[in-house]
Amino acid sequence: MARALRDAGMEVIYTGLRQTPEQIVETAVQEDVDVIGLSILSGAHMTWVPRVIELMKEKGIFGEVLLLVGGIIPEDDAKALKEMGVDEIFGPGTPTDEIIKYIRDNVRRG
Amino acid sequence: MKVEEIVRGVLRGEKRAIARAISIIEDGLPEAKAILSALEPHTGRAYVIGITGATGAGKSTLIHKLIQAYRRKGLKVGVVAVDPTSPFTGGAFLGDRVRMQDLALDEGVFIRSMATRGSLGGISDATGGAVKVLDAAGFDIILVETVGAGQLDIAVAGIAHTVVLVLAPGLGDDIQAIKAGIMEIADIFVVNMADRPNADRMVVDLMSVLEVSPFNPSDWRPPIVKTVALTGEGIEELVEQIEKHRAYLAKRGMRPSEKKVRTLLLEALRRAVVSDILPMITKSAKFDAAVQMVVKGQVSIDAGAELLLSSIKQALREME
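Chains A and B, in that order, are what the protein sequence lines are. Residues 1 to 110 (the working numbering) make up the first sequence, in order. Residues 1001 to 1320 (the working numbering) make up the second sequence, in order.
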């Protein structure tokens, strides 16, 4: 995924696996990113994602930075996460082109 | 955020304001100038260290350990990691953050990645701008990391007080293969992964190269420091050598060495010739005429080039 985004002309900061929400949000602040992409395969999305949103609000980047989630997310959870403020959720096997187009169309500043 | 808000935030050391300021400079937005000039009076306190070397030499790990060493001294550390933009896609992978994540939550550390974004000199004005922002924000030490890509490394000497060149045995980067110019701008040589079999060989090779290069007695003689970044071995010595170089610079009023300036000027000149002078020649009717002469077999390629350069050379001679 990171490679596809890079090849689409984006600057990608790959933080590595198993980051805490605190580390992710702090990195997003320091790097002044346009998009945060969370890949969650552990099934713990209902714990991690709300925490990320809470921290984004605390740091003042919620609503300004696009928040995307990738992974196997049951429909009910997906609905709940979107209500909390996740911008979009991409299931496994989503074509990378679709994700790239979504980012281009929705990123909040040039 | 408005300009005044950002400036105030930077001076208070607020990470979000620092990050915004750097982005504005990086993106070349109109506010960049106002922000930089407002911060200017608050700069000049930080000590800037350039860390350069090929991919795989262990720069990230070394920087990680350096940050920890400076943090133990109670100093605040800013890092600007510059990575090359892909010339084909305009995209980039930034900052080898993987190994630095435990520092993400340290209040006294700020790590920012930047892409070269097609700037010819690799390190762009934006990098210098980012350093100024971190300086004004009160960071005591600023580390600028560049990937070994020729011009990129050389340009780092233009913004760093001390340049550390990181090498490692077995990477294929023979001493012979180190790009000309980089040897001249390095103030400290690090042979990392010094526990590897060929490390001592590399140190000896390096010493012999340094020995033959001309020095004035008053010149700084670049030391060679052996490190094993993974275990932290040699890091204290590296910090000590950086301190020594800092003291040396302080004694000469922080003025860079003539050798360094010469190399930087040469590099800037090379870039200017390629980007400004060369197109003036290739777009001229004379260039097309020379192409035709070579096609017809009237002159060789070298003679054709000489023909095009003769008037420039003549003009330069008249200048003298």
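All residues carry an ideal CB built from backbone N, CA and C; glycine is no exception. For clarity, every value in this text was computed on a predicted model and none was experimentally measured.
- Straight-line measurement puts the Cα of A/Ile-13 at about 5 Å from the Cα of B/Leu-1094.
- Contact of B/Phe-1287 with chain A is not assigned, every C-beta pair being separated by 8 Å or more.
- As DSSP reads the structure, B/Arg-1112 sits in a beta bridge with B/Val-1080.
- The beta carbon of B/Val-1274 sits closer than 7 Å to no other beta carbon from its chain once the five residues preceding and following it are set aside.
- With its beta carbon at least 8 Å from every one in chain A, B/Ser-1060 lies outside the interface.
- The region 1 to 31 of chain A is shown to contain whole beta strand (DSSP E) runs of 3 or more residues at 11 to 13, in chain order.
- Annotation: Cβ neighbours of A/Glu-11 in chain B (cutoff 7 Å, chain order): Gly-1091, Ala-1092, Leu-1094, Ala-1115.
- A residue is called buried once 16 or more other Cβ atoms fall within 10 Å of its Cβ, and A/Thr-27 is buried on that count.
- No residue range can be given for B/Phe-1215, since it is assigned to no beta strand (DSSP E) and is classified by DSSP as neither H nor E.
- Here the region 1070 to 1080 of chain B lies against the region 1128 to 1135 of chain B, with 3 or more beta-carbon pairs under 8 Å apart.
- The closest CA to that of B/Lys-1076, considering only B/Pro-1084, B/Ile-1111, B/Thr-1061, B/Ala-1092, is found on B/Ile-1111.
- As the crow flies, the alpha-carbon of A/Leu-67 is around 5 Å from that of A/Val-86.
- Here B/Phe-1088 carries a coil assignment [DSSP, helix/strand/coil].
- For A/Leu-5, the chain B residues whose C-beta falls within less than 8 Å of its own C-beta are Gly-1091, listed in chain order.
- If you draw a straight line from the Cα of B/Ala-1126 to the Cα of B/Ser-1023, it comes to about 9 Å.
- Contact between B/Ala-1160 and B/Gly-1050 holds, since their C-beta atoms are separated by about 3 Å, short of 8 Å.
- By the Cβ rule, the region 1237 to 1247 of chain B counts as touching the region 1208 to 1226 of chain B, because three or more pairs are nearer than 8 Å.
- Scanning the region 1219 to 1251 of chain B for uninterrupted alpha helix (DSSP H) segments of 4 residues or longer gives 1235 to 1251, listed from N- to C-terminal end.
- For the pair B/Ile-1141 and B/Ile-1185, the CB atoms are not nearer than the 8 Å cut-off.
- The C-beta of A/Gly-60 comes closer than 8 Å to at least one C-beta of chain B.
- When Cβ-Cβ separations below 8 Å define contact, A/Glu-98 makes no contact with chain B.
- Look at the beta carbons and you see the region 1195 to 1211 of chain B not touching the region 1020 to 1039 of chain B: under three pairs across the two are nearer than 8 Å.
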